[in-house]
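What follows is a single structure, written as structure tokens, with notes after it.
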Amino acid sequence: MVANKKVLMLPGDGIGPEVMGEVRRLIDWMDKRRSVTFDVTEDLVGGAAYEKHGAAISDDTMDVALNSDAVLFGAVGGPQWDNIGFDVRPEAGLLRLRKDLDLFANLRPAICFDALADASSLKRELVGGLDVLIVRELTGGVYFGEPRGIEDLPDGQRRGINTQVYTTEEIRRVCRVAFDLAKKRDNRVCSVEKMNVMESGLLWREEATWVHENEFSEVELSHMLADNCGMQLVRNPKQFDVIVTDNLFGDMLSDVASMLSGSLGMLPSASLGPEDESGRRRALYEPVHGSAPDIAGQGKANPLAMIQSYAMMLRYSFDMGEDADLVEQAVRNVLDAGLRTGDIMQDGMTLISCEQMGEAITAELDKQAA
Ligand code: NAD
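Mapping to our numbering: the sequence shown position 42 is 28, numbers consecutive.
Structure representation (structure tokens):
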């Protein structure tokens, strides 16, 4: 089969290469068993790139990223790079990728596997079977708005300033992503802002409503204030299907939602950019967790967040929903069989390594494909 799916793999630092290794295993499996071939390039990012190039991502690597259909990103960072300049810090590699690929929509699913429901901070009946998708605007809002800074006042005090700012198109494009995704799910979007106290929130509500009325009237739209949404996420999270919100509220609400599903090692994410003329979207897939220097190199990392990020890539970049379903079902079966890495270990379960988890997933895939 012709290799036409260009993927840039950036394992990064710490446990990044370990969890990415298990995605490599799945890519090899897909190649052999389902004749799906990816054209994979592997490169450095984060501290690893800094050591070689003096930058958290090189211009050459950025060029490859810009010409790839999808980027798979592991994790970056570590204590050895804590005291270097902000512009060359490991995280700068991720920020540059987000900026140059214009990744404006961040997708964070909060899924609670039945087998892990007891590890959630909420009661099993509230979270069992939970499947919420939070779509966060990622390139605008208060984290980027101008003016910003800290200024000295004549009376000797200082004043910190950040500006929450959104334009029509910034709101509409992220809402379109949310409506589009809802159509493939339970067809419901809840748009979240603070229109009661913020003009930018009022504009957000008006524009979300505009996109709904003019382009997606077949999807159900509701609105909620961000503070209430935080409360509802811990009171009755299963009421939501897709939540769309701005950068700041999305940052907080997606972290709240992540605790519903148990462990950091289980949380995948995707960041999508605008569509080009051919309908292709730039995209980056990464686990929510960091480089976990405390367990790096010990075979203890849970690769399931990375593996589920790979499944998201299959679904959203390559329209391979069936293959994504296979991978996600394999994750569910392995958990149901009681296999656990240390971070999700429970009494009576079997403790396995990162590599063994990857092997267990491919063994499950073998069973499903048999
Ligand atoms: P972290 O997510 O790396 O780790 C937090 C805790 O969760 C640690 O105890 C770790 O062992 C555990 N953990 C995380 N992922 C795990 C997995 N897959 N399996 C098992 N256990 C897992 O966050 P941190 O400790 O705050 O940060 C460590 C480094 O990672 C820092 O340098 C930080 O800047 C960086 N970081 C990077 C990203 C990213 O690359 N996107 C995100 C967050 C933090």
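Every residue gets a Cβ at the ideal spot worked out from N, C-alpha and C, and that includes glycine.
All values derive from a computational prediction rather than experimental measurement.
1. Relative to the C-alpha of A164, which candidate in G131, A287, R20, V118 has its C-alpha closest?
2. Is P3 near the ligand NAD, with its Cβ less than 8 Å from a heavy atom?
3. Just checking T23 against the ligand ADP - is the residue's beta carbon closer than 8 Å to any of the ligand's heavy atoms?
4. Which one of Q354, M299, A355, G285 has the shortest CA to CA distance from G344?
5. If you run the structure through DSSP and keep just helix, strand and coil, what is G259?
6. Which same chain residues end up closer than 6 Å to V(-12) when comparing Cβ atoms and leaving out the 5 residues on each side of it in sequence?
7. Let me confirm a value: L337 is counted as buried when at least 16 other C-beta atoms fall within 10 Å, else exposed. Which label applies?
8. Quick one: is the Cβ of G251 within less than 8 Å of any heavy atom of the ligand NAD?
9. Contact between the region 249 to 260 and the region 84 to 101: three or more CB pairs below 8 Å?
10. Compute the distance between the beta-carbons of V57 and M(-5), then report whether it is under 9 Å.
11. Taking only runs of the alpha helix (DSSP H) that begin and end inside the region 132 to 175, which ones reach a length of at least 4 residues, in chain order?
12. State the DSSP-derived secondary structure class of P279, mapped to helix, strand or coil.
13. Measuring only the C-alpha atoms, how far is D172 from T153?
14. For the alpha helix (DSSP H) holding L234, just list the boundary residues, first then last.
15. Among L290, K(-8), R162, which one has its Cα closest to the Cα of D55?
16. To the nearest angstrom, how far is the alpha carbon of E37 from that of V31?
17. Suppose contacts are defined by Cβ-Cβ distances below 9 Å. Is I43 in contact with G79 by that definition?
18. When you compare the CB positions of L124 and G216, do they come within less than 9 Å of one another, or not?
19. Does DSSP classify N319 as helix, strand or coil?
20. Pair every Cβ in the region 97 to 117 with every Cβ in the region 242 to 253, then say whether three or more of these pairs are closer than 8 Å.
21. Going by DSSP, which residues form a beta bridge with P254?
22. Between the Cα of P76 and those of G2, G131, R159, spot the shortest distance and give me the residue it belongs to.
23. If you drop the 5 nearest sequence neighbours on each side, which residues of the same chain put their C-beta closer than 6 Å to that of G324?
24. At 3 residues or longer, what runs of the beta strand (DSSP E) sit wholly inside the region 25 to 97?
25. Would you tell me roughly how many angstroms separate the C-alpha atoms of D322 and E155, rounded to the nearest one?
26. What residues in its chain sit with their C-beta under 8 Å from that of S208, if we drop five residues either side in the sequence?
27. Inspect the CB distances between the region 272 to 288 and the region -3 to 17 and report whether three or more fall short of 8 Å.
The relevant details are as follows:
1. Of all alpha-carbon atoms in G131, A287, R20, V118, the one lying nearest the alpha-carbon of A164 is that of V118.
2. Not so, every heavy atom of the ligand NAD lies at least 8 Å from the Cβ.
3. Only the ligand NAD can be found as ligands here, which leaves the ligand ADP out of the picture.
4. Ranking Q354, M299, A355, G285 by Cα distance to G344 puts G285 first.
5. If DSSP states are grouped into helix, strand and coil, G259 belongs with the strands.
6. In this prediction, V(-12) has a pLDDT of 45, which is less than 50 and means its spatial position is unreliable; what the coordinates show is noted afterwards. Here the set comprises nothing.
7. L337 counts as exposed, since fewer than 16 other C-beta atoms from the protein chains shown sit within 10 angstroms of its C-beta.
8. Yes, Cβ of G251 sits closer than 8 Å to a heavy atom of the ligand NAD.
9. Between the region 249 to 260 and the region 84 to 101 there are three or more C-beta pairs closer than 8 Å, enough to call the two in contact.
10. The answer is yes: Cβ separation under 9 Å.
11. Counting whole runs of 4 or more residues, the region 132 to 175 contains the alpha helix (DSSP H) stretches 154 to 169.
12. Coil at P279, not helix or strand.
13. Cα atoms of D172 and T153: separation of roughly 28 Å, rounded to the nearest angstrom.
14. Taken as a continuous stretch (DSSP letters only), the alpha helix (DSSP H) holding L234 covers 233 to 246.
15. Taking only the C-alpha atoms, the option nearest D55 is K(-8).
16. For E37 and V31, the distance between alpha carbons rounds to 10 Å.
17. Their beta carbons are under 9 Å apart, which means I43 touches G79 by this criterion.
18. In this structure, L124 sits away from G216, with a CB-CB distance that is not shorter than 9 Å.
19. Judged by DSSP in its simplified three-state form, N319 adopts helix.
20. Contact holds between the region 97 to 117 and the region 242 to 253, because three or more Cβ pairs, one in each stretch, are under 8 Å apart.
21. Bridge partners of P254: P273.
22. Among G2, G131, R159, the Cα nearest to that of P76 is on G2.
23. Excluding residues up to 5 positions away in sequence, M335, T336 lie with their Cβ nearer than 6 Å to the Cβ of G324 in the same chain.
24. Taken in chain order, the unbroken stretches of beta strand (DSSP E) that lie wholly in the region 25 to 97 and span 3 residues or more are 56 to 61, 91 to 97.
25. Their Cα atoms are separated by approximately 44 Å.
26. Only residues of its own chain outside the window of five on either side were considered, and among them R174, V175, C176, S177 have a CB closer than 8 Å to the CB of S208, listed in chain order.
27. A contact exists between the region 272 to 288 and the region -3 to 17.
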